[in-house]
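Number of protein chains: 2
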Amino acid sequence: MITKAPYRDSHGRRLSDYPQPSVAVDAAVLTVHDGALHVVLVQNDTGWRLPGTFVHEGETLAQAVLRSLRDKAGIEGLQPRQLHVFDEPDRDDRGWVISVAHLVVVPESSVTGAELTSVDAADGLVYDHATIIQLAVDTLRADYRASPDPEGLLGSEFTLLELLRLHEAIAGERLGKDTFRRHMIGQLVETDTYQHGVVGKPAKLYRRA
Amino acid sequence: MITKAPYRDSHGRRLSDYPQPSVAVDAAVLTVHDGALHVVLVQNDTGWRLPGTFVHEGETLAQAVLRSLRDKAGIEGLQPRQLHVFDEPDRDDRGWVISVAHLVVVPESSVTGAELTSVDAADGLVYDHATIIQLAVDTLRADYRASPDPEGLLGSEFTLLELLRLHEAIAGERLGKDTFRRHMIGQLVETDTYQHGVVGKPAKLYRRA
DNA sequence: TGCAAATAGATCACTTCTGATCAAATAGGA
DNA sequence: TCCTATTTGATCAGAAGTGATCTATTTGCA
Chain A
39 MITKAPYRDS
49 HGRRLSDYPQ
59 PSVAVDAAVL
69 TVHDGALHVV
79 LVQNDTGWRL
89 PGTFVHEGET
99 LAQAVLRSLR
109 DKAGIEGLQP
119 RQLHVFDEPD
129 RDDRGWVISV
139 AHLVVVPESS
149 VTGAELTSVD
159 AADGLVYDHA
169 TIIQLAVDTL
179 RADYRASPDP
189 EGLLGSEFTL
199 LELLRLHEAI
209 AGERLGKDTF
219 RRHMIGQLVE
229 TDTYQHGVVG
239 KPAKLYRRA
Chain C
39 MITKAPYRDS
49 HGRRLSDYPQ
59 PSVAVDAAVL
69 TVHDGALHVV
79 LVQNDTGWRL
89 PGTFVHEGET
99 LAQAVLRSLR
109 DKAGIEGLQP
119 RQLHVFDEPD
129 RDDRGWVISV
139 AHLVVVPESS
149 VTGAELTSVD
159 AADGLVYDHA
169 TIIQLAVDTL
179 RADYRASPDP
189 EGLLGSEFTL
199 LELLRLHEAI
209 AGERLGKDTF
219 RRHMIGQLVE
229 TDTYQHGVVG
239 KPAKLYRRA
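For the protein sequence lines, the chains are A and C, in the order given. Our numbering numbers the first residue of the first sequence as 39 and each following residue consecutively. Our numbering numbers the first residue of the second sequence as 39 and each following residue consecutively.
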């Protein structure tokens, strides 16, 4: 029962009387682990792949992604973002399937138990999943170039050094600390508290704007 | 006949035995007209909207977009680019329909006959079509910030002034000519020919890199 | 306690970028 | 023919940005 609506087109047919594709979602779940970007992979009978599922009726794509992460990788994700629709009609030999690739960014604490692979070492995946990872990484990098911590990976208060380390992990390269400080300070609100308990001059704590 | 493949899942069901959505495409066709960005709108019984259609079996999304433009607006498009999937299950009262929004950029000469509306004046549209236009404009602007003429709107050879006017039309604001020149020159190849027949010192003609 | 290592953040010289100015080159009209 | 308006593209001075240096402040260890 696909639709309860009494809709009929000019030929007296319902939408479901025409061929329809199955719609799947796949998610590149990225996290920062050990100073570098990692992606969550799962294994099924065909090899390593990104977690994914078919979209159920009455469900949005984002809901399908979150369900998939919960069921296949034990992850509580937050806000899936669409990356691309893979639509080659003969992409899947089970039939007509289009797949919507997503990016999900989570703090490392949310992915305990799942299999993490460095994004540089992720190859030999099924379908277009290596492409999806590349798209996801590029998107995440663009986000962090434009804003200090759009995905909220750092708690509510943090030092500029913590933010720098995060950006270096995401960018995959070292960033100049002086320029970084100057660019970030204008986009953050400073608190009147300082970090203590670590070696060095205490660093001011900042908050997202 | 959705699939000829003998695939059955572990419950003995084919993909088409599960509920599937109809998949539609909508396209924001942008062009530069009279020094400003315009979008192609079509009118049906529910009001003004972007051209769109349901995706047929065996067809990619891009093919569906191009078919829609040919049939509904008499436009020969080039390379549709995906923008976003609109997926609210009750978005369409005819049933479960997900819609993939696209951006198509064409030179003004390709849209003779279609109804052009300034992107600033496009409102009162059905569904999320105003949002799609905004997404399309933002995407196009980002493209032209990164590259001189990624959509090939200018012929193969052009002057820096022609390129500047194009960028101003797309950006929707005036751009400094000196900085513009400096940024662009490095991304173009100069020819040894000059523009003639217009007032002023002859301008060197450039080509895309 | 005192010294070494580490970090924060200010300051400085240097580089790069920007918009303004100006000379060169052309078309069109007086 | 000559003068004016217009545009190109180079040059220049000032603004903005960059990485290096230096000082202040803390922890950890001898």
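Ideal Cβ positions, reconstructed from N, Cα and C, are used throughout, including at glycine.
Roughly how many angstroms separate the alpha carbons of A:T177 and A:A209, rounded to a whole number?
-> 11 Å
Work out the CA separation of A:I171 and A:A160 for me, nearest whole Å.
-> 8 Å
Would you list the one or two residues that DSSP bridges to A:D64?
-> A:G90, A:A139
In whole angstroms, what is the alpha-carbon distance linking C:E211 and C:V70?
-> 14 Å
So which residues of chain C does A:P127 contact, with C-beta pairs closer than 8 Å?
-> E95, G96, E97, T98
A:V123 CB to nearest chain C CB: under 8 Å?
-> yes
Looking only at C-alpha atoms, which of A:R51, A:T155, A:T197 sits nearest to A:V80?
-> A:T155
Where do the N-terminal and C-terminal ends of the alpha helix (DSSP H) with A:H221 fall, by residue?
-> 215-223
Name, in chain order, the residues that DSSP records as bridge partners for A:V123.
-> A:V138
C:H234 in three-state terms, based on DSSP | coil
Just the Cα atoms here: how many angstroms apart are C:V77 and A:Y244?
-> 43 Å
With a 10 Å radius around its C-beta and 16 neighbouring C-beta atoms as the bar for buried, classify C:P44 as buried or exposed.
-> exposed
Could you tell me whether the segment 132-144 of chain A touches the segment 57-70 of chain A, where touching means 3 or more Cβ pairs closer than 8 Å?
-> yes
Short-range partners of chain A found in the segment 53-69 of chain C, where Cβ spacing is below 9 Å | L53, S54, Y56, P57, Q58, P59, S60, V61
For my contact list, A:L121 and A:L198 are in at a C-beta cut-off of 8 Å; report their separation, rounded to the angstrom.
-> About 30 Å separates the two Cβ atoms, so there is no contact after all.
Output the boundary residues of the alpha helix (DSSP H) element that contains C:S106.
-> 99-111
Can you list, in chain order, the residues of the segment 126-145 of chain C whose Cβ is nearer than 9 Å to any Cβ on chain A?
-> E126, P127, D128, D130, D131, R132, G133, W134, V135, I136, V138
Closest residue to A:V175 among A:H167, A:V157, A:S185 (Cα-Cα distance) = A:V157
In chain A, which residues lie less than 7 Å from C:Y182 when you measure between Cβ atoms?
-> Within 7 Å Cβ-Cβ: nothing; C:Y182 doesn't reach chain A, min ~16 Å.
So what's C:S156 in DSSP terms, helix, strand or just coil?
-> strand
Nearest CA to the CA of C:Y182: which residue from C:P57, C:A241, C:L75?
-> C:L75
Rounded to whole angstroms, what's the CA-CA distance from C:T231 to C:A111? Just pull it up for me.
-> 38 Å
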